[in-house]
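Reviewing the structure listed below.
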Amino acid sequence: MASPNIAPPLNLLNLTMQRPGYIHAAVSGNFSSPKAQEVVVIRGTSYLELLRSDAERFKITPVCTFNTFCNLRCLLTFRQVGTNKDYLVVGSDSGRITILEYVVEANEFRTVHCETFGKTGCRRIVPGQFLAADPLGRAIMISALEKQKLVYVMNRDAGGRLTISSPLEAHRSHALVYATVGLDVGTENPIFAAIEKDYSEADQDPTGEAAAETYKQLVYYELDLGLNHVIRKWAQPIASTACSLLAVPGERFNGPGGVLILSENWVAYTHQDHPELRTPIPRRAGQAASRGTLLTAAAMHRQKDVLFYLLQSEFGDLYKVTLDLNQERTRVQNINMQVFDTIPPANGLCITKTGLLFCASEFANHILYQFQGIDNPEAVAADSLDEEALDDEDKLGDTAEEAASVAPTFTPAKQLKNLAAVDRMESLAPVTGMHVADLAGEDAAQLYTLCGRGGRSSLRILRHGLQVVEEASSDLPGRPNAVWTIKGRQDEAHDRFIVVSFANATLVFSIGDQIEEVTDSGFLGTAPTLEVKLLADNAMLQVHTHGIRHIRPGRPVNEWKTPGRKSIEQASANERQVAIALEGGDVVYFELDAAGMLMEVASKEVGLAVSCLDLGPVPQGRVGSSFLAVGGYDSTVRILSLEQASLLTQRSMLQLSATAESVCLAEMAKEGEGAGIGAGNAVSIPASSSSLFLNVGLSNGIMQRLALDPLEGTLSDSRQRFLGAKPVKLLRVDIEDRSAVLALSSRAWLSYNHHGRFFQTPLSYQGLDYASGFASEYIPEGLVAVTGSSLRIITIQNFGNMFNQTEVPLRYTPRQMVQVPGSSRLVLIESDHNEYNETERAFLASAGAVESDKATDKEEGEEPTKGADSVAAAAALAAAEGALPPPPPPEEGTEDEDGAEGETFVRGPLPPVEGKWASCIRIVDGLTGETLELVELALNEAAISLTTVAFHDRGGEVFICVGTATDLCFHPRKHSAAAIHVYRLFDNRLVLLHKTEVEDVPKSLAELKGFGRLLAGLGPSLRMYDLGKKKLLKKCENRNLPNLIVGLQTMGDRIYVSDVLDSVHFVKYRRLENALVIFADDTSPRTITACCTVDYDTIAGGDKVGNVFLLRLPEKVSDDVDNPTGNRVLWDTGRLNGAPNKLDVLAHFYVGEVVTALQKVSLVPGGQEVILYATVAGTIGALVPFSSRRSKNTFFLLEMEMRKEASLHFKRDHIAYRSYYTPVKEVIDGDLCELFRTLSAVKRRAVALEVLDRTPGEVVKLLEDFKNTIL
């Protein structure tokens, strides 16, 4: 029963289809120019990306993204004195310190230094976890989690190039490191501060008493530049919860120096010879006294007379911290901590000098904010405590209760006060589930992914194509056949007119604050228009069916009429040339002379009816295009010369498989070149880095693209793609100030260059009949298009992305999703730990308001959190008595509505104890994303697992089964009750049939198809149920699974059981004996996170450490198991408590991120079947089987060559990286092969011809074809 698509021997190609959205770290700097406001982020585990903020347009856009093929751990920027650009220092698992410099011309980071200091991998004593730099760029410290610290001295040689010294050791054994930072000491010897904990005594004490007495220290390390040596200068005990350090500006910026210490509940300032100052962190009014507040992100903003820090808590609250200094500005007298705003919790905060704040969110989308203000006198604030004046017994400790006794409280506001969200970057992270199906009937599968956490969770519907935003739409008096836009002058940035052509008329509209029809434009309105163009002399050109109108400003209209009764059938023009095709096959060519007159230069009888023609764009430095492409109804395209010496002579001819519907000559960047022209770069494409391409749209829906030699006019490197069922109409448009080709068929497709790569992607929009570029004051780059009888203005967004997203907000963290068989409905379960449900929140809100009113009448000095605790207790009591109101219907829930402008999500209030859960079951229409049903589960009941079952004796009716646990805690793992709920589905409503109590948490449920039974994984037991009238009926059970069942897959009578620690087990259901028998398992322990069946004998899985693998049952064992004449193989006893048979590892590959979803699917009808996977970081990838041995061998050789030729910035051994835990097997890294495009032309030619025996174009075509077979 082997799959016809994935058959032995198995060879797969790994392709990343969507890059990770999760941002692990972010730093700001000036990498490209002194005034550029840029941010560098780590995406996922291995991607580095440069983002550029635009303070005028309030946008942040990617400029450069690349895969480093190693695990990135930390980032740091530094700048040496006398330079105006920042360097980027990266800590990774490569065992090297890497310094990168951004090169604007190539739009890439180049390695300046990559110095080896230790072993590869993320090891606790190998540096790479922490980075710190001297503010003057004189030294860098790189530290490990334990013991080792290395200091590198940075300098410049006579040529101004950055130099790096040999490492100086600052090791300290038995010392754990929590944070490091470089102090601002001016031109004195560089000093680095570190938070350390010495565990030498605790390591020797088996009783644990010494471990309880260990404490953290703030340690200063000084680099003596004269002696070239690092010494441990000073140490001081600090709070036991200290976790991060921030440097305070020194004398250079009129500051005291020293560090801010961020710890749980407190912010402290200290420095050598300076007493410690502590300020309690303001707490939320509903926060229990026993729960602390931890600061997780920070950013500093420093300008001439402005210095403040933004600190963020784990709940998302922002605090503005300022330092009050003495008159000499040498000592800190007070730390003022003011509540600023509440935004999503971030992994990194970056403040630009132009007043923008970039929030790299922990989960979901990343947001760009603009500062609306920085001072709010009414905000809740805390000041430093004068603890020196207190006796020792009165001094406060580090506990949450002691901090709560002095910390002010505040209520977080949903309305932003000091910030305004101006832009966002989409992120799928974390993906908790994925389902791929064509529920919308679009002939292409949609990807339904469960994303986010808590109230920022969402169901994302991903469609292949670029995101399109409709800016305006208007109905027209008829059905137009074409539309153009035209400027008033060549030097104008915006279009002035929109020209719409109908079957027997032409309308002209002016573009301004409103679009209005004009009648005095000079265009002929009584005939259909074939072409509109603004000529080089600022005159407008209109080609209609009976002539050419040359509309010159301030002069009479010059009109050329067709000879006799012939009509013009096709026309094309650029700024200086015009070509028309007359009825009968005559081609007439015009040029604009020096006097501004449009003169007929030549004509030629082609000898056949012309179906289309196109003039190429005018190259830079030339007065006209050299070629004219003419398509005929004999299924050919001819390239005619426009050189004066060989006017209208044929240079080459292309034979096609169908009639050419349209042709388009476009000048586009070569593969791998023009990379410097990224988003936001005002750089034009140099002539040496662009090529002329002939694009042909055929009547059978195929688009063909060929390279056109600029000198000889010959055609080569043909590539084609099927775009749709309708004939393909090609149009030349400008995208990001570069030439692109818009292809219109049953869908609209855009061919364009982005960051040095060629993309051909559909638009996620309805089919268009005609389109043209559009630019106005409010829409700088868009398209005006006609479809049916409507005129629309649209913009295209997120260039370079393969998918666009539609977001459906959810209430809690989504856990699982299934499709109701035979329908487009999706059932989701959502649950959150340590959260109140909607009804409890409503009760707390009303009760909290009452308590707040009562508190205002009481005397001062009462504990700030007493009211909150009493409210929480009242909620718990009401929950126990069942006094809470019913949950709101889904249409009234705020989670299903768009938030008002300026609002932000605020988490809370938080339960005072752990083990509190909020859960719901939701039914979503897969077509519209509308919530059809939402059922809140009982208080403190967590939804764990989900499946649909058509029980064998219920006539095909589909039931929804949900596994739940009550009072579930994880450390230690315990619960008070567990159950399986069975629901019936009536008119999109869930009706509870019954609830079956079980003894363990049902972590996984599945239907045993063909038998109509329910399978449940209850701890280490696999159990089968049938449907009863009052509860589920237990039929059979196997209790011999090793640990905890976390996944179930079925096919026929086989069950594929995933264990939390012990990989996958193959189980067979013996119907006659009514028994579940384990007959095969894996040879390696794996922490399974996702699994799917590939065929009857093969399973694909992913684990917690980032591996994806395929396991297969040996063919002989499979035959023996399925043989009905003997059962010996089923009852054989394995060795060491294992199964009697072992699975073979077919393929193994290290992705680098935790795989959370796997599915074998074909994304388009008739397309290649692939194994699609999603990761917790938001990556979507595919394992694609090779269709031929020749293509597999080509990719195998290409991968080997790219390991040698590709410029890997961190010098990480690629094969060792992809074999992080287990050697890579039978999987080729398509991401590495994609780097072939980035090689220089010389290297590309050498690799292609000498190693692969192909041309470079054929290799690139092979890479494109593999992606085209998927989508």
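Count the sequence shown with UniProt numbering and you get residues 1 to 1271, in order. Glycine is no exception: its CB is placed at the ideal position from the N, C-alpha and C atoms.
*Assign T16 to one of two classes, buried (16 or more other C-beta atoms within 10 Å of its C-beta) or exposed (fewer than that).*
Label assigned to T16: buried.
*asked:* Is it the case that the region 500-512 contacts the region 471-491, given that we only count it when at least three CB pairs across the two stretches are under 8 Å?
replied: yes
*Candidates L910, D398 and A404: which alpha carbon is nearest F315's?*
Selected option, being the one with the closest Cα: L910.
*Where are the beta strand (DSSP E) runs, 3 residues long or more, that stay fully inside the region 683-763, in chain order?*
690-698, 702-708, 715-722, 729-735, 738-744, 748-754 and 757-762
*Figure out for me which residue from G773, I960, H754 and K1030 has the closest Cα to the Cα of N107.*
Nearest C-alpha to N107: H754.
*Hey, out of S457, K216, Y221 and V1094, whose CA is closest to V185's CA?*
Y221
*Is DSSP giving D925 helix, strand or coil here?*
strand
*In chain order, which beta strand (DSSP E) runs of at least 3 residues are fully inside the region 925-970?*
931-936, 941-949 and 959-966
*Could you pull out every residue in the same chain whose Cβ sits closer than 8 Å to the Cβ of P430, ignoring the five residues on either side in sequence?*
Y22, F363, C451, G452, R453, T1156, V1176, A1177 and G1178
_Suppose you measure from the CA of G1052 to the CA of G1010; what does that come to, to the nearest Å?_
7 Å
*Please state whether DSSP places N909 in a helix, a strand or coil.*
Before going on, a small fix: residue 909 reads as Pro here, not Asn. Coil at P909, not helix or strand.
*Where I60 and L934 are concerned, what is the direct C-alpha to C-alpha distance, given to the nearest angstrom?*
A direct Cα-Cα distance of roughly 36 Å separates I60 from L934.
*asked:* So L744 and A725 are supposed to be a Cβ contact under 8 Å. How far apart are they, rounded?
replied: L744 to A725, Cβ: 12 Å. No contact.
*Start-to-end residues for the alpha helix (DSSP H) that takes in I1270*: For I1270, the enclosing alpha helix (DSSP H) stretches over residues P1256 to I1270.
_Cβ neighbours of A942 in the same chain (closer than 7 Å, five flanking residues each side left out)_ = Once the five neighbours on either side are set aside, the close Cβ partners of A942 are S831, W917, S919, T964, A965 and L968.
*asked:* Going by DSSP, what residue range makes up the alpha helix (DSSP H) through Y589?
replied: Not the alpha helix (DSSP H): Y589 falls in the beta strand (DSSP E), residues D586 to L592.
*So does the region 596-605 actually touch the region 689-696, counting three or more Cβ pairs closer than 8 Å?*
no
*Quick one: grab the DSSP three-state call for T1194.*
helix
*Identify which residue in Y1150, Y836 and I1270 has its Cα closest to the Cα of G1167.*
I1270
*asked:* Rounded to whole angstroms, what is the Cα-Cα separation between A1206 and K1261?
replied: 19 Å
*Give the DSSP bridge partners of T241, in chain order.*
The partner list for T241 (beta bridge, DSSP) is empty, contrary to what the question assumes.
*alpha helix (DSSP H) containing Q204: first to last residue?*
S200 to Q204
*Pick from V741, T77, E736 and L648 that is closest to T98, judged by C-alpha positions*: T77
*Can the beta-carbon of G773 be found less than 9 Å from the beta-carbon of D734?*
yes
*Please determine if the region 941-957 and the region 817-831 are in contact, where contact requires at least 3 C-beta pairs separated by less than 8 Å.*
yes
*What runs of the alpha helix (DSSP H), each 4 residues or longer, lie entirely inside the region 381-450?*
400-404
*In the DSSP assignment, find the alpha helix (DSSP H) that holds K1116 and state where it starts and stops.*
For K1116, the uninterrupted alpha helix (DSSP H) segment begins and ends at E1115 to D1122.
*Taking the alpha-carbon positions, what's the D1253 to G121 distance?*
37 Å
*Would you mind giving the Cβ-Cβ distance between L1235 and N801, rounded to the nearest angstrom? I have them listed as a contact below 8 Å.*
About 20 Å separates the beta carbons of L1235 and N801, which is beyond the 8 Å limit, so they are not a contact pair.
*Taking Cβ to Cβ, would you say H464 is nearer than 9 Å to Q819?*
no
*asked:* Closest to Y1096 by C-alpha separation, out of E1115, R1086 and Q655, would be which residue?
replied: E1115
_Cα-Cα separation, L13 to A1182_ = Using only the alpha carbons, I get a separation of about 8 Å.
*By a C-beta neighbour count over all protein chains shown, 10 Å radius and 16 as the cutoff for buried, is Y1221 buried or exposed?*
exposed
*What's the C-alpha gap between G159 and A139?*
20 Å
*Beta-carbon proximity list for P885, same chain, < 8 Å, skipping 5 on both sides*: Confidence in P885 is poor, its pLDDT being 49 and thus under 50, which makes the residue's placement unreliable; the coordinate value appears in the next sentence. Here the set comprises T839, A842 and F843.
*On the three-pair Cβ rule with 8 Å, is the region 1058-1070 touching the region 1086-1103?*
yes
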